[in-house]
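Using mature numbering (1 follows the signal peptide of the UniProt record, and there is no 0), the letters of the sequence shown map in sequence onto residues -27 to -1, 1 to 167.
For every residue, glycine included, the Cβ atom is placed at its ideal position computed from N, Cα and C.
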Amino acid sequence: MDRRSVLAVSGLALVAACTSSAPQLGADGLPLPQVYTITQDMTNDIYFRLLDSVNSLRSARNLSQLQFNAELNAAASAHARDMSVQNRPWHFGSDGSSPLSRVQRIGYKGRLGGELLSETYETEVQTLSAWMAQADTRAIILDPSVNELGFSWWQEPNGKIWWVMLTGTAGATAYQSITPMGTSVVPQSSAFAN
């Protein structure tokens, strides 16, 4: 190879290295989602980024801060994995369980506020943003009567993430729902938005 060929090949390699690749577009013309791969060392950051984000949204509306509850986290984790097995985001477990029966089975002593679900490739913050964009799911996040939060996920090898968030009220009985008038009612299943 002569000197000109070497320079030409080197120049082409340099130019090729400098070009940026355009994002791949889907049929709708929007960029295809990037895979958000969750590693073990990201776990605590994800939990607390979500909690901080929820509490920021609640603070902006003068609502009380939520705290994680171990039982709600465990129920969220089990249901996230179960949704992956069923390959659909819905509120019923493969054993026929409801959100209420799952938190009772795990030992939660408070009142379940609601359950939010997502099947996505998005981050926890993008998922929270999508939940806030819908009135029914936003109402669960901003429910003034709740003070506890459960959150977890299951990620498949292809990158798909099954997110589950539960809210609850410590100290209330599992079958009791506090209304603005202070009366008790049995929770309606429609309170569990997806």
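Requested in this report: Express the C-alpha separation of Ala143 and Trp104 in angstroms, rounding to a whole number.
Outcome: For the purposes of this step, residue 104 is taken as the residue at position 131 of the sequence shown. For the purposes of this step, residue 143 is taken as the residue at position 170 of the sequence shown. If you take the alpha carbons of Trp104 and Ala143, they lie about 23 angstroms apart.
Query - The alpha helix (DSSP H) enclosing Ser29, as first and last residue numbers - result: Mapped onto the sequence shown, residue 29 falls at position 56. The continuous alpha helix (DSSP H) containing Ser29 extends over residues Thr16 to Ser32.
Query - Nearest-angstrom Cα separation, counted from Gly86 out to Asp116 - result: As a working mapping, residue 116 is identified with position 143 in the sequence shown. As a working mapping, residue 86 is identified with position 113 in the sequence shown. If I take the Cα positions, the gap works out to 8 angstroms.
Query raised in the report: Can you tell which of Val98, Ser67, Arg78 and Ala112 has its C-alpha closest to the C-alpha of Glu88?
Result: Here residue 88 refers to the residue found at position 115 of the sequence shown. Nearest option by C-alpha distance: Ala112.
Requested in this report: Could you check the C-alpha separation between His64 and Gly80 for me, to the nearest Å?
Outcome: The residue labelled residue 64 in the question sits at position 91 within the sequence shown. The residue labelled residue 80 in the question sits at position 107 within the sequence shown. Approximately 19 angstroms between the Cα atoms of the pair.
Report task. Tell me Phe41's beta-bridge partners as DSSP assigns them. Result -> Here residue 41 refers to the residue found at position 68 when the sequence shown is read from its first residue. Bridge partners of Phe41: Leu122.
Query raised in the report: For Arg22, which residues from the same chain have a beta carbon less than 8 angstroms from its beta carbon, with the 5 sequence-adjacent residues on both sides left out?
Result: By 1-based counting over the sequence shown, the position of residue 22 is 49. Excluding residues within five positions, the ones whose Cβ falls inside 8 angstroms are Glu97 and Val98.
Report task. May I ask you to list the residues that DSSP assigns as paired with Leu139? Result -> If you number the sequence shown from 1, residue 139 lands on position 166. Its beta-bridge partners are Glu88 and Gly123.
Report task. Use the C-beta contact count for Asn46: other C-beta atoms within 10 angstroms, 16 or more gives buried, fewer gives exposed. Result -> By one-based count along the sequence shown, residue 46 stands at place 73. Buried.
Requested in this report: Leaving out five residues on either side along the sequence, give the residues of the same chain with a beta carbon under 8 angstroms from the beta carbon of Ser37.
Outcome: As a first step, residue 37 must be located in the sequence shown, where it is residue number 64. Cβ within range, chain order: Arg31, Pro117 and Asn120.
Report task. On the DSSP bridge assignment, give the partners of Gln128 in chain order. Result -> Translated into positions along the sequence shown, residue 128 becomes position 155. Bridge partners of Gln128: Ile134.
Requested in this report: Look up Asp68 in the DSSP assignment and say whether it is helix, strand or coil.
Outcome: Here residue 68 refers to the residue found at position 95 when the sequence shown is read from its first residue. Here Asp68 sits in coil by DSSP.
Query raised in the report: Is it right to say Arg61 is buried, meaning 16 or more other beta carbons lie within 10 angstroms of its own, or is it exposed?
Result: By one-based count along the sequence shown, residue 61 stands at place 88. That one is exposed.
Query raised in the report: How many Å lie between Gly155 and Arg78 at the Cα?
Result: For the purposes of this step, residue 155 is identified with residue 182 of the sequence shown, where counting begins at 1. For the purposes of this step, residue 78 is identified with residue 105 of the sequence shown, where counting begins at 1. Because the pLDDT of Gly155 is 31, which lies under 50, any placement of that residue in the model is unreliable, and the number read from its coordinates should be weighed accordingly. Computed Cα separation, rounded: 27 angstroms.
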